[in-house]
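Protein chains in written order, with this note's numbering: chain S, 649 to 767; chain Z, 11 to 272. Quick reminder that beta carbons are idealized off the backbone N, C-alpha and C, glycines included. The structure appears right after this line, and notes come after that.
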Amino acid sequence: MTTARRSPFTGVLAALARQRGVLGSIVVGELDGIVVDSQLQMGVEGDTVAALTASLFRKARLAAADAGLGEAVFLQLEAESGRVCAVGRNELVILAIAEARANVGLLRVELLRGLEALA
Amino acid sequence: MSEELARDPSSRIFLPLGEELRRRGDHELALRVALRGLERHPHDADAHDLLGRIAAATGQLERAMDEWSMALSIAPAHTGALKGLGFVSCQMGRLDDAERWLASAVEAGGDAGVAAALDAVRAELAPTAPEAPVLPDALGAARRLFDGLVSAEGGEGALVVDRDGFAVAGRHVVAGVDVGEFLAAHLTGVSDEAARAVRHLGLGGWTTIVVETSTATVALAPTSEDAVVVVAAPVGSPGGYVRRLLARARIRAAGWLGAEAA
């Protein structure tokens, strides 16, 4: 697993990476889609996924705000054999890439806990 | 006039006398005068016309028409007879006949009253404009696509959003306002971005996006034509319930999109 040098987000990313079925975790800027920090398994392409997921989260946040549905807290993109989960605050998004076997509930809890690092 | 008629029974003074009596409502005397005059002048169209008017005044419409027809057989352009037939035809509801008689009366030199009556009859006969077809309420039907599936009272809503971020069906009402357009506007390209993200990860095609907000849970799924179906439920709704709602909405959306494309 590639490990970035320590950052304010290292602990959060490591906690996520320890979850069963997690292929990697990334902190990305919501507006520009540029990776801030990441912990990814070998072979996982993080940059593109991070940018796209950040865009999705931004759209969800703006849609919810404009529709009077409150603040977007958690996003889950599900695919046939895995998922990407994300939380965001202060123009930063934390996302976790997981296989289908991952425990989404625990992943969600860990991500919400990681929001504190974005405060 | 009576004295003149008494002096000369063959005088045609019976015509204005009979008309005067008719106008005064003395129909019985008018009839006697007219009949005596007709005995002396059986081929006088004006005499038959007088009888026709007296008969019409006493409600004997069929007899009136007979007398006027007789008058026309004697004088085909007799204005009085043509007018009389026109008015009686009107009374009897025979507007086509009335139009024909009154048009002839106008042509024969009828007065303004005849012309006005003709206009009135023609207006009655004018075909009414066909009722505008009632167009099906397509817009309303589209908005009501998910009625019965989602509970608006329960704060639920569902939409079909096209690739350009337009809400094309369904609605989601928040505090009395349909916020479907606002929700949809930011979803431009969502399906494409989701598909690319999971493709880069080798995770197959995307199936669902679930977004939790402070007041709602919103779920999206792809449907045909690069559209997405979106459902929203109040925060705290069980995840399984929202997914089931999404699955059913997706089926309904697919059916609607298929029907629209047909």
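Residue range of the beta strand (DSSP E) that includes residue i
| i | result |
| --- | --- |
| Z:T218 | 216-223 |
| Z:V241 | 238-244 |
| Z:V189 | Neither: Z:V189 is in no beta strand (DSSP E) and is coded neither H nor E. |
| Z:G167 | 167-171 |
| Z:G175 | Here Z:G175 belongs to no beta strand (DSSP E), and DSSP marks it neither H nor E. |
Residue j beta carbon less than 8 Å from that of residue i
| i | j | result |
| --- | --- | --- |
| S:V735 | S:V721 | yes |
| Z:V171 | Z:V240 | yes |
| Z:P19 | Z:R46 | yes |
| S:E728 | Z:T217 | yes |
| S:A715 | Z:V200 | no |
| S:V741 | S:A702 | yes |
| S:L704 | S:R737 | no |
| S:L671 | S:E747 | yes |
| S:V684 | S:A699 | no |
| Z:A259 | Z:A168 | yes |
| Z:A118 | Z:L149 | no |
| Z:H196 | S:A663 | no |
| Z:R153 | Z:R181 | yes |
| Z:I219 | Z:A204 | yes |
| Z:M11 | Z:E38 | no |
| Z:L112 | Z:A127 | yes |
Residue i: first and last residue of the uninterrupted alpha helix (DSSP H) it sits in
| i | result |
| --- | --- |
| S:Q689 | Counting along the chain, S:Q689 falls outside any alpha helix (DSSP H), and DSSP gives it neither H nor E. |
| S:T696 | 694-714 |
| Z:V200 | 200-210 |
| Z:P232 | Run containing Z:P232: none in the alpha helix (DSSP H); it sits in the beta strand (DSSP E), 226-232. |
| Z:P19 | Careful: Z:P19 lies outside any alpha helix (DSSP H) and carries neither H nor E. |
| Z:D76 | 71-84 |
| Z:S99 | 89-101 |
| Z:E109 | 105-117 |
| Z:I64 | 55-67 |
| S:A767 | Careful: S:A767 lies outside any alpha helix (DSSP H) and carries neither H nor E. |
| Z:R46 | 37-50 |
| Z:R129 | The sequence as given places Asp at residue 129 of chain Z; Arg does not occur at that position. Looking at the DSSP string, the run of the alpha helix (DSSP H) that includes Z:D129 is 122-135. |
Beta bridge counterpart(s) of residue i as assigned by DSSP
| i | result |
| --- | --- |
| S:I745 | S:G672, S:V732 |
| S:Q724 | S:C733, Z:V220 |
| Z:D157 | Z:V160 |
| Z:L213 | Looking at the DSSP assignment, Z:L213 forms no beta bridge with any residue, so it has no partner. |
| Z:V184 | Z:V187 |
| S:L740 | S:G677, S:R737 |
| S:V619 | Here chain S covers residues 649 to 767 and nothing more, so residue 619 of chain S does not appear. |
| S:V683 | S:V676 |
Contacts of residue i in chain S (Cβ-Cβ under 9 Å)
| i | result |
| --- | --- |
| Z:W266 | Those do not exist, as Z:W266 stays about 22 Å from chain S at its closest Cβ, beyond 9 Å. |
| Z:G214 | A727, E728, S729, G730 |
| Z:V184 | A715, G716, L717 |
| Z:V228 | A708, A711, A712, A715, L717, A720 |
| Z:A242 | A715, L717 |
| Z:F176 | Ordered by position in chain S, no residue passes the 9 Å Cβ test against Z:F176, which lies about 13 Å from the chain. |
Contact set for residue i: own chain, Cβ-Cβ below 8 Å, skip 5 residues either direction
| i | result |
| --- | --- |
| Z:L105 | S99, V131, E134, L135 |
| S:V697 | I674, V732, L743, I745 |
| Z:D202 | R173, D236 |
| Z:V245 | E222, T223, S224, T225, A226, T227 |
| S:L760 | V721, F722, V735 |
Cβ neighbours of residue i in the same chain (closer than 7 Å, five flanking residues each side left out)
| i | result |
| --- | --- |
| S:T651 | In this prediction, S:T651 scores a pLDDT of 49, lower than 50, which makes its location untrustworthy; the coordinate-derived value is nonetheless stated afterwards. The answer, listed in chain order, is Q687. |
| Z:H88 | A55, D59, A81, L82 |
| Z:F176 | A194 |
| Z:M75 | L95, V98 |
| Z:S21 | E14, L15 |
| Z:A65 | R73, A74, E77 |
Same chain, Cβ closer than 6 Å to residue i, neighbours up to 5 away in sequence not counted
| i | result |
| --- | --- |
| Z:G94 | G62, W78 |
| Z:L256 | A229, A231, V241 |
| Z:P248 | none |
| S:F657 | V675, D685, A765 |
Chain-ordered chain Z contacts of residue i [CB-CB under 8 Å]
| i | result |
| --- | --- |
| S:L704 | V200, E203, A204, A207, I219 |
| S:E693 | H210, L211 |
Beta-carbon neighbours of residue i, restricted to chain S and to distances below 8 Å
| i | result |
| --- | --- |
| Z:E222 | A720, V721, F722, L723 |
| Z:A195 | A711, D714 |
Per-residue contacts from residue i into chain S (C-beta, under 7 Å)
| i | result |
| --- | --- |
| Z:T225 | L717, G718 |
| Z:V189 | A715, G716 |
| Z:F156 | Within chain S, no residue comes near Z:F156; the closest Cβ sits about 16 Å away, beyond 7 Å. |
Chain Z residues whose Cβ lies nearer than 7 Å to that of residue i
| i | result |
| --- | --- |
| S:V697 | A207, H210, L211 |
| S:L700 | E203, R206, A207 |
Residue i: contacting residues in chain Z (beta-carbon distance under 9 Å)
| i | result |
| --- | --- |
| S:I745 | L211, L213 |
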